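**Student:**
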DNA sequence: TCGTAATCGAGACGGTACGTCGTGTCTTGCC
DNA sequence: GGCAAGACACGACGTACCGTCTCGATTACGA
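Shown next as structure tokens:
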């Protein structure tokens with residue numbers, strides 16, 4: 001058995017209900033696998049092997065690969081990302097985007113999210129999971145940042161959704177083309193653009 | 203023989219050199235396959251089947267799936283998109299974006315491009331093709347539109363690249379989440395946002 | 405890797421036609437597996453593992469487990485069993501049955517045939533393979549023995565098929581209840597019964 | 607709930623002892639399942655589903671699948687078959703065999719018995735149950751028929767066991783190859799053969 | 001002029017992963 | 001302690017593609 005990173009073996013059922021140990025082992029294994037081999041090497045089969053879990057256990061709780069990816073990403077994100085409140089949209093965006101890109105670069109999360117988007121191009125179920133479940137969650141979080149800016153009259157309230165779209169598209173574009181490291185200076189310039197702040201100002 | 207979409211049968215070798223008929227048949231089959239079944243149903247196996255080609259013939263000329271996708275998309279794109287010149291950036295963007303989304307919706311190109319982006323999350327070669335060849339080409343084309351706007355003082359010249367990034371990200375986001383049809387009203391609002399045009403004005 | 409009995413690895417395709425090496429490796433592996441673990445331990449998966457073959461290669465050439473079992477049995481039988489011709493039906497039967505039971509006991513063939521019959525109780529395809537392909541072959545061979553006896557007027561020609569049925573049922577019954585070793589004396593008595601020979605006579 | 611063949615729901619424990627309702631529901635479900643889908647579709651899982659029983663309840667009372675099959679067959683057989691006494695062995699056999707084949711064809715018993723024999727080729731426990739318990743029972747019943755024939759000097763007393771073997775093998779052969787319906791004419795011819803009666807006579 | 005070489009369609013090969021099913025064990029919470 | 005329920009690890013099922021290989025045929029080109 002080549003891999004030793006999986007949980008302690010012979011974890012058994014704890015009755016007619018979900019075993020949190022199994023769930024944790026699967027999420028951990030999925031995270032590690034994506035970290036090591038990326039989406040290309042990500043398979044339910046291998047996750048099951050590493051987690052010491054049966055494939056049916058995975059399919060029982062996550063109907064699609066996307067559902068699993070979403071849970072892995074969510075567990076990751078919860079513990080890392082917080083919304084800044086600096087008093088100005090452009091500096092909020094600066095702080096948040098730098099944190100986000102760092103999070104994507106320095107944890108498996110970047111790989112996970114790229115996997116999720118790729119999966120959504122393959123499977124209809126994954127697409128609707130991404131669009132109808134994942135994205136709205138993300139938007140809800142970020143909208144607060146923009147709503148505060150609208151309260152401060154930095155942006156028009158009617159523009160919030162479209163600015164959010166531009167902002168998310170900007171991040172996706174850099175993630176999907178793997179330019180998170182190279183193009184970091186773009187963050188500040190783009191934050192100002194979105195916030196309607198003149199370049200170089202404070 | 204149930205499928206009739208492939209080229210006429212028994213196309214054979216034409217000697218010790220590449221057979222253009224075979225190449226055309228393969229590109230056509232790939233295009234049709236992506237149109238019908240999307241990236242999920244796109245396999246070298248099925249392309250070969252439809253093209254009436256041997257798999258080695260495909261692998262001989264296209265080392266990776268991404269290479270094939272690029273050629274298919276290139277053949278598609280060349281013949282369709284022209285840059286508008288309406289005299290104002292926001293209406294240029296409006297016209298171009300509506301044309302692009304229509305092109306993505308109504309031809310296989312949308313599926314093809316989605317496939318290419320997805321493949322780039324799996325295969326390093328696809329990623330660098332997308333980032334280093336594809337994206338610069340696209341930027342070069344569009345930059346003219348933004349440069350004209352800068353000449354007219356609608357936008358700052360220093361903002362061109364960042365606005366392009368926002369604009370492309372906006373398009374990708376809608377393509378990848380399959381919202382080209384539903385979210386068409388966003389085009390006008392976003393075109394104004396990018397062009398710095400107040401909402402509702404002419 | 406626990407099993408070492410499989411053929412030398414990395415046997416590849418020899419073109420667009422059946423590879424006899426692969427076929428031989430698969431039949432050998434199937435035979436060995438049945439010899440070691442019986443029908444209970446017999447799986448296509450394990451045969452593929454031992455043969456160093458891909459599962460699709462097996463499914464390509466043997467549509468059902470029964471087809472594979474039949475080929476394994478046939479290869480075995482061809483090299484071991486010959487029809488005797490002693491000049492009298494009862495001694496022909498005596499010789500043949502003793503050889504058959506020995507063949508069933510001392511080679512994997514007994515296990516193979518038991519597996520085949522069991523499989524026929526599970527799968528409709530296996531049943532028809534057994535009944536319409538295997539059994540007629542077996543009957544054709546044996547019928548010669550009975551026809552010679554009819555020519556010698558030992559039995560009526562009209563009884564041949566029914567005597568064959570009785571004879572085969574007798575053998576099956578002992579095979580399926582694993583009484584080939586214990587009940588060997590029954591062979592002689594039953595040979596006489598079938599041949600219409602009084603007990604104890606020469 | 608689509609299937610209605612199982613017992614009334616929410617049958618619960620009746621305390622620290624075996625619940626006869628549960629046992630009956632399980633046997634009934636097993637019988638029905640074998641009737642509908644044969645050995646191929648017979649699984650503990652499905653029996654439990656239909657019976658509205660937990661799997662452990664089944665495993666608690668029947669250690670192996672064979673044990674369950676035996677109980678199902680026993681419950682079935684008891685109520686149906688009677689030994690004929692026509693005054694001649696060949697007509698006894700004729701009557702009994704016709705009844706037996708009809709019983710096997712028209713009730714789940716044929717499927718059950720086929721399942722039992724198949725299971726005996728996989729599981730040692732099933733084999734010994736079949737050989738050491740089942741078969742002797744059957745032989746004991748039938749032997750009376752042959753003993754009466756010996757008393758009437760139709761057959762030799764010393765031949766009884768071997769004729770029984772031939773007779774049972776004949777029946778098994780037709781059951782296992784699913785020729786109970788097609789080959790009914792063989793019954794009369796074989797009955798005469800076993801009874802030493804010339805063909806066509808009365 | 002003719003052998004050589006690279007092309008073609010075809011399809012078998014060893015593999016990996018898919019998603020489903022059944023196995024026998026285990027635990028819960030009710031009776 | 002029996003019961004229904006159902007989760008668990010495991011492993012086989014049969015299928016789809018992967019990328020590689022070898023065939024036999026079909027030309028073009030260089031010696």
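Protein chains in written order, with the numbering used here: chain A, 1 to 202; chain B, 203 to 404; chain C, 405 to 606; chain D, 607 to 808.
Cβ atoms here follow ideal geometry from the backbone N, Cα and C, with glycine treated the same way.
Just so we're clear, the structure is a prediction, and the values are computed from it rather than from any experiment.
(1) At a Cβ cut of 9 angstroms, what residues of the stretch 573-593 of chain C count as close to chain D, listed as they run along the chain?
(2) When the Cα atoms are used, what is the spatial distance from residue 368 (chain C) to residue 501 (chain C)?
(3) Rounded to the nearest angstrom, what separates residue 305 (chain B) and residue 238 (chain B) at their Cα positions?
(4) At least one CB of chain D closer than 8 angstroms to the CB of residue 435 (chain C): is that the case?
(5) Hey, which unbroken runs of the alpha helix (DSSP H) at 4 residues or more fall wholly within the stretch 461-503 of chain C?
(6) Name the residue from C:592, C:455 and C:552 whose alpha carbon lies nearest to the alpha carbon of residue 426 (chain C).
(7) Answer yes or no: does any C-beta atom of chain A fall closer than 8 angstroms to that of residue 399 (chain B)?
(8) Mind checking if residue 193 (chain A) is an interface residue toward chain B, Cβ cutoff 8 angstroms exclusive?
(9) Taking the straight line between their C-alpha atoms, what separation do you get for residue 637 (chain D) and residue 493 (chain C)?
(10) If you run the structure through DSSP and keep just helix, strand and coil, what is residue 189 (chain A)?
(11) Indicate whether the contact test is met: 3 or more Cβ pairs, each with one atom in the stretch 316-334 of chain B and one in the stretch 160-171 of chain A, closer than 8 angstroms.
(12) Checking contacts by CB at 8 angstroms: is residue 716 (chain D) closer than that to chain C?
(13) Which residues in chain D sit within 8 angstroms of residue 444 (chain C), going by Cβ to Cβ distance?
(14) Residue 649 (chain D) to residue 661 (chain D), Cα distance in whole Å?
(15) Closest to residue 717 (chain D) by CA distance: which of D:654, D:670 and D:645 is it?
(16) Mind listing the chain A neighbours of residue 360 (chain B)? Cutoff is C-beta to C-beta under 7 angstroms, in chain order.
(17) My guess is that residue 722 (chain D) and residue 732 (chain D) are in contact by the Cβ rule of under 8 angstroms, so how many angstroms apart are they, rounded?
(18) By how many angstroms is the C-alpha of residue 653 (chain D) removed from the C-alpha of residue 679 (chain D)?
(19) Terminal residues of the continuous alpha helix (DSSP H) containing residue 338 (chain B)?
(20) Along the stretch 448-474 of chain C, where does the CB come closer than 7 angstroms to a CB of chain D? Name the residues.
(21) Can you tell which of D:700, D:783, D:743 and D:675 has the C-alpha that lies nearest to the C-alpha of residue 640 (chain D)?
(22) Since I believe residue 401 (chain B) is in contact with residue 158 (chain A) (beta carbons under 8 angstroms), could you give me their beta-carbon distance rounded to a whole number of angstroms?
(23) Would you mind reading off the limits of the alpha helix (DSSP H) that contains residue 516 (chain C)?
(24) Note down the Cα distance separating residue 555 (chain C) from residue 564 (chain C), rounded to an integer number of angstroms.
(25) Taking the alpha-carbon of residue 84 (chain A) as reference, which of A:173, A:149, A:128 and A:108 has the nearest alpha-carbon?
(26) Is it buried or exposed, residue 589 (chain C), if we count other Cβ atoms within 10 angstroms and call 16 or more buried?
(27) Kindly list, in the order they appear in chain C, the residues whose Cβ is closer than 8 angstroms to that of residue 737 (chain D).
(28) List the whole-angstrom C-beta distance separating residue 130 (chain A) from residue 379 (chain B), where the pair is believed to meet the contact cut-off of C-beta under 8 angstroms.
(29) Just mark residue 671 (chain D) as buried or exposed, buried being the case when its beta carbon has 16 or more other beta carbons within 10 Å.
(30) Can a CB atom of chain D be found closer than 8 angstroms to the CB of residue 482 (chain C)?
(31) Under a three-way DSSP split, which group does residue 155 (chain A) fall into?
(32) Which value, in whole angstroms, describes the spacing of the CA atoms of residue 796 (chain D) and residue 598 (chain C)?
(33) Going straight from the alpha carbon of residue 785 (chain D) to that of residue 461 (chain C), what length do you get?
(34) Could you spell out where the alpha helix (DSSP H) holding residue 565 (chain C) opens and where it closes?
(35) Out of D:802, D:788 and D:617, which has the shortest C-alpha to C-alpha gap to residue 707 (chain D)?
(36) Could you give the DSSP three-state label for residue 50 (chain A): helix, strand or coil?
**Tutor:** On the basis of the supplied data:
(1) 573, 574, 575, 576, 577, 578, 580, 581, 582, 583, 587, 590 and 593
(2) With chain C represented from 405 up to 606, any question about residue 368 (chain C) goes unanswered, as that position is not in the structure.
(3) 16 angstroms
(4) no
(5) 469-482
(6) C:455
(7) no
(8) yes
(9) 44 angstroms
(10) helix
(11) no
(12) no
(13) 728 and 729
(14) 11 angstroms
(15) D:645
(16) 199
(17) 7 angstroms
(18) 15 angstroms
(19) 337-353
(20) none
(21) D:675
(22) 6 angstroms
(23) 513-524
(24) 11 angstroms
(25) A:149
(26) exposed
(27) 581, 582 and 583
(28) 7 angstroms
(29) buried
(30) no
(31) coil
(32) 11 angstroms
(33) 33 angstroms
(34) 564-580
(35) D:788
(36) helix
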